[in-house]
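Q: Below is one structure. I have some questions about it.
There are 2 protein chains.
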Amino acid sequence: MTDTPHRRGADRTAAIMRATLELGQEIGYAKLSMEAVAARAGASKQTVYRRWPSKAALLFDSLLSVNEPALDYPDTGDIVADLRTQIHSAVDLLTGPPVGPLFRALISEAQHAPQIAAALNERFIGPQADKTVARLRKARDEGQLSPAFDLTLAMAILSGPLYFQLLITQEPLTHAYVDRILDALFTGLGPSPA
Amino acid sequence: MTDTPHRRGADRTAAIMRATLELGQEIGYAKLSMEAVAARAGASKQTVYRRWPSKAALLFDSLLSVNEPALDYPDTGDIVADLRTQIHSAVDLLTGPPVGPLFRALISEAQHAPQIAAALNERFIGPQADKTVARLRKARDEGQLSPAFDLTLAMAILSGPLYFQLLITQEPLTHAYVDRILDALFTGLGPSPA
DNA sequence: TACTTAACGGTACGGAACGTCCCGTACCGA
DNA sequence: TCGGTACGGGACGTTCCGTACCGTTAAGTA
C-alpha cells in the first residue's frame with residue numbers, strides 16, 4: 423500500500439517533531455502554536471498533548487532529535503588543537519539553523535520553566551561540559567597542564583563568553599573569537615598586575 | 423486633599439511600573455498579563471498601551487527604574503580589588519529580587535524580540551561593559567597590566583561565566599566564584615601546554 | 001472663574017491560542 | 001470475532017491580546 427492514512431506510535435511522534443522543526447524555521451519558534459504544529463503534522467491536538475505536556479517539552483525533544491549525533495571530542499594528543507576542533511564544530515552547530523534558533527528559544531523557555539532548565543542541563547549542557555572536562559583532565563594527567571589546573575573553571579571560561587555573545591550581545595560567533603579565547607586561556611592575556 | 427482619585431502623566435507611568443514589579447514578584451514575570459498590570463495599577467489598558475508597545479518594553483523600563491543608581495566603578499588604584507568590588511555588587515544586584523528574576527525574564531524576551539535585545543545592550547549591558555573596559559584600560563595605562571593586555575576579551579571572560587551560570591546551569595552565583603574567575607584571569611589557571 | 005482640551009478609567013469587542021473533552025473510526029492482538 | 005486503544009476531527013470554555021469607543025475629570029488658558 424502506498425497510501426498510509428494514519429499511522430501510530432513512533433510514526434506520529436516523528437511526524438510531530440518534524441512539523442515542529444519545519445514550522446519553527448518558517449515562522450519562528452516563538453510564534454509556534456501547538457495547534458499549528460498539530461495541523462501541519464496531520465495530527466489532533468490530543469495526540470500532541472498525549473506526548474508532550476508543553477510547547478517547551480516539544481521543542482526540547484525536537485532539538486535532541488536533530489542533535490543526536492552528539493559532539494564527541496577528538497583526541498590527537500594536542501589539547502589545544504582538540505579543543506579548537508571541538509568548539510569550532512559546537513559553535514557551527516549552535517549558530518546555524520535549525521539548531522541555533524531552536525536552542526535559543528529553549529534557553530528562553532528555560533528561564534521560566536525549571537523542568538526545562540533541568541532537562542537542558544542534564545541532557546545537553548552537562549554532557550558537553552563533562553566531555554570538555556574529561557578531555558582537559560586527560561591532558562593534565564599526561565602532563566600537558568599543571569597539576570593545579572582548574573578544569574571546571576577552564577570549561578566555564580571557554581563556554582561562558584560564547585553563550586554571552588549568543589544570548590546577550592548577539593554578535594556573530596566566529597571561529598576567530600573561539601581562537602582568541604583559547605589563546606587567552608592557555609597563553610594568558612598578559613602579565614599579572616604589579 | 424488626602425485622596426487622589428487618579429492622577430496623570432508621570433504619576434500613572436510610575437504606578438504602572440510599580441504594579442509590574444509587585445505582580446511580577448507575586449506571580450512571576452512570565453505569567454504577567456497586561457490586563458492584570460492595568461488592574462493592579464488602577465489604570466485602563468489604553469493607558470498602559472499608550473506608554474509601552476509590548477510587555478517586554480514595560481518590563482524593560484521597570485527594570486531600569488529599579489536599577490537607576492547605576493553601578494559605578496570604584497578606583498582605589500588596585501585593579502583587582504576594584505573589579506572584585508564592582509562585580510560582587512553587580513552579582514548581588516542581578517541575583518536578588520526584584521532585579522534578578524526580571525532581568526532573566528528580559529533576556530528571555532530578548533531572544534525573540536530584536537528591539538528588546540538592542541535596548542538591553544545599548545542601555546544596560548553595553549554601559550556596564552564599557553565601564554569595565556575603561557577601568558581595565560586605566561590600569562593598563564598605569565602599567566599594572568601588559569600593553570598587549572586584551573581589554574575586551576578580559577571583560578568577556580569576566581562576564582561570560584557569570585551569565586552562563588545565571589542563565590544556563592542556574593547554579594548559585596557566589597562571590598567566591600567571582601573570585602575564582604578573577605584569580606584565573608590575573609594569575610592564570612596553570613602553565614601553558616607543553 | 002469659565003472654557004477648552006487631552007488624558008483618563010471603564011468596558012465591549014473580535015481574534016488567537018490555550019488545554020480539555022467527546023465522538024466515531026481504524027488498527028491490533030487475543 | 002471482539003474488546004482495547006490510539007487516532008483525527010472538532011466543539012468547548014477560558015484567558016489574554018490589542019483596539020475602539022464611551023463619558024468623566026484634571027490640567028492648561030484666557
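As you go down the protein sequences, you meet chains F and E in turn.
Under my numbering, the first residue of the first sequence is numbered 423, with each subsequent residue one higher.
Under my numbering, the first residue of the second sequence is numbered 423, with each subsequent residue one higher.
From the three backbone atoms N, C-alpha and C, an ideal C-beta is built for every residue, glycine too.
For clarity, every value in this text was computed on a predicted model and none was experimentally measured.
Answer yes or no: do F:Leu-443 and F:Ala-458 have a C-beta to C-beta separation smaller than 7 Å?
A: Cβ atoms of F:Leu-443 and F:Ala-458: not closer than 7 Å.
Q: Helix, strand or coil, according to DSSP, for E:Thr-498 in the structure here?
A: It is coil, neither helix nor strand.
Q: Could you check the C-alpha separation between F:Ala-616 and E:Leu-575 for me, to the nearest Å?
A: Because F:Ala-616 carries a pLDDT of 41, less than 50, the predicted location of this residue cannot be relied on, and no value is offered for it.
Q: Got a sec: does the ligand FMN put a non-hydrogen atom nearer than 6 Å to the Cβ of E:Gln-508?
A: Among the components of this structure there are no ligands whatsoever, and the ligand FMN is therefore not found.
Q: Helix, strand or coil, according to DSSP, for F:Thr-596 in the structure here?
A: Note: F:Thr-596 maps to coil in three-state DSSP.
Q: Based on Cα-Cα distance, which residue from F:Asn-489, F:Thr-591, F:Ser-581, F:Gln-592 lies nearest to F:Arg-602?
A: Among F:Asn-489, F:Thr-591, F:Ser-581, F:Gln-592, the Cα nearest to that of F:Arg-602 is on F:Ser-581.
Q: May I ask you to report which of helix, strand or coil DSSP gives E:Ser-530?
A: Helix at E:Ser-530.
Q: Let's test the definition: count the other Cβ atoms within 10 Å of the Cβ of E:Ser-484 and tell me whether it reaches 16, buried, or not, exposed.
A: Classification for E:Ser-484: buried.
Q: Applying a beta-carbon distance threshold of less than 7 Å, which residues of chain E neighbour F:Thr-507?
A: By Cβ distance, chain E contributes nothing, its closest Cβ being about 15 Å from F:Thr-507, past 7 Å.
Q: So F:Ser-581 contacts chain E; which residues on that side make the cut at Cβ distance below 7 Å?
A: Ordered by position in chain E, the residues that pass the 7 Å Cβ test against F:Ser-581 are Phe-586.
Q: So, helix, strand or coil for F:Glu-444, using DSSP?
A: In this structure, F:Glu-444 counts as helix in the three-state DSSP scheme.
Q: Any C-beta of chain F within less than 9 Å: which residues of the stretch 467 to 484 of chain E qualify?
A: Hits within the stretch: zero.
Q: Kindly indicate which three-state DSSP category E:Gly-431 falls into: helix, strand or coil?
A: Of the three classes helix, strand and coil, the one that applies to E:Gly-431 here is coil, per DSSP.
Q: Where does F:Gly-464 fall in DSSP's three states?
A: F:Gly-464: coil per DSSP, three-state reduction.
Q: Could you tell me the distance, in whole angstroms, from the CA atom of F:Thr-498 to the CA atom of F:Leu-480?
A: In a straight line, the C-alpha of F:Thr-498 is about 38 Å away from that of F:Leu-480.
Q: Give a yes or no on whether 7 Å exceeds the smallest Cβ distance from E:Ala-512 to chain F.
A: Judged by the 7 Å Cβ criterion, E:Ala-512 is not in contact with chain F.
Q: If you pair each beta-carbon of the stretch 432 to 441 of chain E with each one of the stretch 510 to 525 of chain E, do three or more pairs fall below 8 Å?
A: The answer is no - the stretch 510 to 525 of chain E does not touch the stretch 432 to 441 of chain E, with fewer than three Cβ pairs under 8 Å.
Q: Taking just the CA atoms, how far does E:Pro-496 sit from F:Ile-538?
A: Cα to Cα, the separation comes out at about 39 Å.
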